[in-house]
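S.K.: One structure, as structure tokens, below. Some questions next.
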Amino acid sequence: MSWFSFDAVPDAVRTEAELRSFLEALDRRLEAIGAARARLDWSRKRGEPYDGPPPEAIDAALDDVYSELHHDRLRRGRDLASDPLLRRSVHVLDNAFTLARIDQGNELRCALREIADLYMSWRPTLDGDDLSYTRMTAILRGEPDRGLRQRAWESVAALGALLDAPTREMFYLRNDAARALGHATYGDLRLKIDGVTREWLTGLVHQMETTTGPEYASYLRSQADAAGIEAVEPWDVQYLYDRDPWPRAELFPADRLIDNTLNCAEALCLPARELGIRIFWYDSPYGGEWTRITQDDLRILTNRGDGLIYYHTAYHEYGHALHDWHNHQPYSLRRESSMFSEGMAQLWALFVHYPSWLRRSGVPDDEIARYRRTRRLPWMYRHRRICTDVLAELAVWDDPSANLDEVYGRTTARFLGCAAWPRPFAATPRWVRAMQMQSYFIADLISTQTHAYLRRTFPPVFGRPEVVAHLRKHYWEPGNSVAWLEKVRRCTGRALSYDDLAAEMTQPLPDG
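In my numbering, the protein residues as written are 327 to 838.
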């Protein structure tokens with residue numbers, strides 16, 4: 327059975343017009359295949375009926391698009407493009423071809439599928455009962471019973487053991503392919519495609535580490551002393567650091583989360599209830615996810631729980647959806663660096679933390695005043711936890727033969743200030759999305775720098791249509807027709823830096 331029916335791809339690229347036709351044909355194919363994969367993934371996660379192409383047919387269709395013949399034709403045609411937008415499309419597609427063809431190998435594809443299928447189907451258990459990811463987070467953040475926290479933290483060890491071999495194989499195979507292209511590691515290749523270097527990234531990590539280090543260590547020690555904990559273990563850190571600074575969870579009930587998310591968008595002059603962006607509950611290991619079925623059918627999955635942290639996740643995923651909804655570029659130019667895409671999500675998530683919006687959400691003034699003083703504390707924890715993963719992943723790209731759990735334990739101890747217990751590296755549901763973790767750190771640089779600009783330029787940000795108009799013009803609508811670092815410069819008036827994030831790590835939470 328033929329699941330996909332496409333027009334023929336032009337068999338020659340000799341002129342700029344033929345190059346344009348060739349790219350348009352590839353875009354149509356990639357659009358249709360992407361929609362099929364989105365529907366398949368949605369049906370698996372939601373347990374809904376699915377009558378579309380099976381995974382093997384989707385992979386075969388992608389292989390046909392990302393063929394050596396097409397890649398060669400694309401590269402030979404790049405000198406034909408006089409139109410800057412066409413040249414940009416060729417550049418972006420060339421990078422997409424490079425990464426896709428690395429993942430085409432049967433061994434790597436099998437490893438990736440095994441990892442993805444286990445992540446989707448596996449659930450931890452605690453004391454003989456199934457443990458949801460939402461419940462695990464609640465235990466690690468708020469359970470006084472230290473033994474229970476330890477058992478919850480260790481509950482993913484079985485998944486780590488199952489995935490150690492395919493995860494290590496994934497690192498080896500991707501590294502081999504990247505080195506064949508002249509790169510030191512696959513991680514370095516991904517950073518180059520994102521337009522940055524390892525030195526740039528680790529330099530920012532070092533700035534974060536030195537800026538937050540003294541206060542992070544002091545607060546962790548004071549919290550540990552108050553809890554009677556002498557030696558901080560990995561299962562203690564989130565409980566000690568990510569619990570008290572937040573507003574009371576009951577002020578953010580789960581049953582008001584969806585309305586609050588839409589109300590905030592409307593307060594920023596967006597017709598939120600007319601956009602076709604829908605929010606569904608789902609127990610995700612990531613906290614939240616989103617998917618694009620069609621341009622007007624974007625769906626968000628988010629964990630159900632009381633607390634600002636759950637609202638933040640829903641806003642984050644809503645930011646992804648808004649970014650995509652406003653991006654009408656051809657398919658190849660809609661896909662952007664994950665650093666920028668996560669920046670767009672985090673940019674929207676920050677609106678939920680504005681004191682003025684918290685007040686409109688019914689949070690008492692005394693609670694807001696306390697949160698303005700303490701909000702930087704969970705943000706320090708967030709950045710140090712993310713950079714634990716960033717440097718662990720880079721170390722594994724450098725040497726996949728290392729003991730992965732011990733590598734992870736060392737970076738955990740360095741950034742989180744706890745004992746260096748080996749952690750189940752392979753159990754972290756991130757590595758199949760290679761070189762993704764630094765995107766969440768860079769996202770906070772993009773979002774804080776952008777919000778600082780918006781507060782200076784369009785005060786107060788709520789009720790000002792200029793805010794969304796500015797984001798639409800500089801961030802959303804251009805898609806990948808403009809390099810992401812240049813988009814940040816155009817939007818905020820200066821190059822991306824750690825400066826605004828550093829200010830938020832040392833000052834009370836600003837208002838808009």
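Beta carbons: idealized from backbone N, C-alpha and C, even for Gly.
(1) Would you kindly work out how many angstroms separate the C-alpha atoms of F330 and E382, rounded to a whole number?
(2) Go to I605, then tell me how far its beta strand (DSSP E) extends in each direction, as first and last residue.
(3) Considering only their Cβ atoms, is the gap separating A407 from R399 smaller than 9 Å?
(4) Drop a sphere of 10 angstroms on the beta-carbon of R702, count the other beta-carbons inside from all chains shown, and report buried for 16 or more, exposed for fewer.
(5) Going by other Cβ atoms of all chains shown within 10 Å of its Cβ, with 16 needed for buried, is L627 buried or exposed?
(6) Quick check: the stretch 668 to 680 against the stretch 764 to 784, are at least 3 beta-carbon pairs closer than 8 Å?
(7) Is it right to say P791 is buried, meaning 16 or more other beta carbons lie within 10 angstroms of its own, or is it exposed?
(8) Tell me, to the nearest whole angstrom, how far the beta carbon of L859 is from that of L352; I am working on the premise that it is less than 8 Å.
(9) Relative to the alpha-carbon of H679, which residue among Q655, H709 and H642 has its alpha-carbon at the smallest distance?
(10) So, for A821: in the same chain, excluding its five sequence neighbours on each side, which residues have a beta-carbon less than 8 Å away from its beta-carbon?
(11) Quick one: residues in its chain with C-beta nearer than 6 Å to the C-beta of T737, no 5 flanking neighbours on either side, listed in chain order?
(12) Of the residues E495, L356, T511 and G468, which one's Cα is nearest the Cα of S393?
(13) Please state whether the Cβ-Cβ distance between V758 and A504 is less than 9 Å.
(14) Helix, strand or coil for I555 per DSSP?
(15) Counting Cβ pairs, one atom from each stretch, are 3 or more of them under 8 Å apart for the stretch 511 to 528 and the stretch 488 to 503?
(16) Whose CA, out of G539, D623, L780 and L488, lies closest to the CA of Y445?
(17) Which class does D622 belong to by DSSP, given the choice of helix, strand or coil?
(18) Rounding to the nearest angstrom, what Cα-Cα distance links W368 and P450 in this structure?
(19) T587: which of V563, S610 and A647 sits nearest, CA to CA?
(20) Among the candidates D622, D389 and Q655, whose CA atom is the shortest distance from the CA of R604?
(21) State buried or exposed for L395, treating a residue as buried only when at least 16 other CB atoms are found within 10 Å of its CB.
(22) Under three-state DSSP, which class holds E350?
(23) Need the endpoints of the alpha helix (DSSP H) that R661 sits in, please.
(24) Can you give me the Cβ contacts of V787 inside the same chain, cut-off strictly under 6 Å, excluding the 5 residues immediately before and after it?
(25) With contact counted as at least three CB pairs below 8 Å, one residue from each stretch, are the stretch 687 to 704 and the stretch 565 to 577 in contact?
(26) Would you kindly work out how many angstroms separate the C-alpha atoms of D456 and I359, rounded to a whole number?
(27) Out of Q833, L835, P834 and D825, which has the shortest C-alpha to C-alpha gap to Q533?
(28) Just tell me which of S807, D562, H777 and A829 has its CA closest to the CA of T818.
(29) Find the nearest neighbour of P834 within the set A746, P704 and L434, judged by alpha-carbon distance.
(30) Candidates Y707, A483 and E350: which alpha carbon is nearest P540's?
(31) Pair every Cβ in the stretch 604 to 616 with every Cβ in the stretch 632 to 640, then say whether three or more of these pairs are closer than 8 Å.
(32) Within 10 angstroms of the Cβ of G373, are there 16 or more other Cβ atoms? Answer buried if so, exposed if not.
M.R.: Straight from the coordinates:
(1) Within the sequence shown, residue 330 is the residue found at index 4, counting from 1. Within the sequence shown, residue 382 is the residue found at index 56, counting from 1. Distance between the alpha carbons of F330 and E382 is about 12 Å.
(2) Reading the sequence shown from its first residue, position 279 is the one you call residue 605. Unbroken beta strand (DSSP E) run through I605: I603 to W607.
(3) By one-based count along the sequence shown, residue 399 stands at place 73. By one-based count along the sequence shown, residue 407 stands at place 81. It is not a contact, given that the beta carbons lie outside the stated cut-off.
(4) Counted from its first residue, the sequence shown places residue 702 at position 376. Buried, since its Cβ has 16 or more Cβ neighbours within 10 Å.
(5) Sequence index remark: in the sequence shown, residue 627 carries index 301 (1-based). Residue environment: L627 is assigned as buried (16 or more neighbouring CB atoms within 10 Å of its CB, all protein chains considered).
(6) yes
(7) Indexing the sequence shown from 1 puts residue 791 at position 465. It counts as exposed.
(8) Given that the chain is displayed from residue 327 to residue 838, the structure contains no residue 859 and the question cannot be resolved.
(9) Here residue 679 is taken as the residue at index 353 of the sequence shown, counted from 1. Answer by Cα proximity: H642.
(10) The residue given as residue 821 occupies position 495 in the sequence shown. Contacts found: L811, V814 and R815.
(11) Along the sequence shown, read from residue 1 onward, the residue named residue 737 stands at position 411. Hits under 6 Å: T714, L717 and A718.
(12) In the sequence shown, residue 393 corresponds to position 67, counting from 1. From the listed residues E495, L356, T511 and G468, the smallest Cα separation to S393 is found for L356.
(13) Position 432 of the sequence shown, counting from 1, holds the residue named residue 758. Position 178 of the sequence shown, counting from 1, holds the residue named residue 504. No, the pair does not count as a contact, with Cβ atoms beyond the cut-off.
(14) Indexing the sequence shown from 1 puts residue 555 at position 229. Residue state, collapsed to three classes: coil.
(15) Output reads yes: the stretch 488 to 503 touches the stretch 511 to 528.
(16) Here residue 445 is taken as the residue at index 119 of the sequence shown, counted from 1. Out of G539, D623, L780 and L488, L488 has the C-alpha closest to the C-alpha of Y445.
(17) Here residue 622 refers to the residue found at position 296 of the sequence shown. If DSSP states are grouped into helix, strand and coil, D622 belongs with coil.
(18) Looking up residue 368 in the sequence shown gives position 42. Looking up residue 450 in the sequence shown gives position 124. Their backbone Cα atoms lie some 22 Å apart in a straight line.
(19) Working through the sequence shown from its first residue, we reach residue 587 at position 261. Out of V563, S610 and A647, A647 has the C-alpha closest to the C-alpha of T587.
(20) Walking along the sequence shown from the start, residue 604 turns up at place 278. Of D622, D389 and Q655, the residue nearest in Cα terms is D622.
(21) Locating residue 395 in the sequence shown gives position 69, counting from the first residue. Exposed.
(22) Numbered from its first residue, the sequence shown carries residue 350 at position 24. Residue state, collapsed to three classes: helix.
(23) Stepping through the sequence shown from its first residue, residue 661 is reached at position 335. First-last for R661: undefined, no H or E at that position.
(24) Counted from its first residue, the sequence shown places residue 787 at position 461. L780, V793 and G838, listed in sequence order.
(25) yes
(26) Start at 1 with the first residue of the sequence shown, and residue 456 comes out as number 130. Start at 1 with the first residue of the sequence shown, and residue 359 comes out as number 33. In a straight line, the C-alpha of D456 is about 35 Å away from that of I359.
(27) On the sequence shown, position 207 is the one that residue 533 refers to. It is D825.
(28) Mapped onto the sequence shown, residue 818 falls at position 492. It is H777.
(29) Here residue 834 refers to the residue found at position 508 when the sequence shown is read from its first residue. Closest option to P834, Cα to Cα, is P704.
(30) The residue given as residue 540 occupies position 214 in the sequence shown. Selected option, being the one with the closest Cα: Y707.
(31) yes
(32) Here the question's residue 373 lines up with position 47 in the sequence shown. By the neighbour-count rule (16 or more Cβ atoms within 10 Å), G373 is not buried but exposed.
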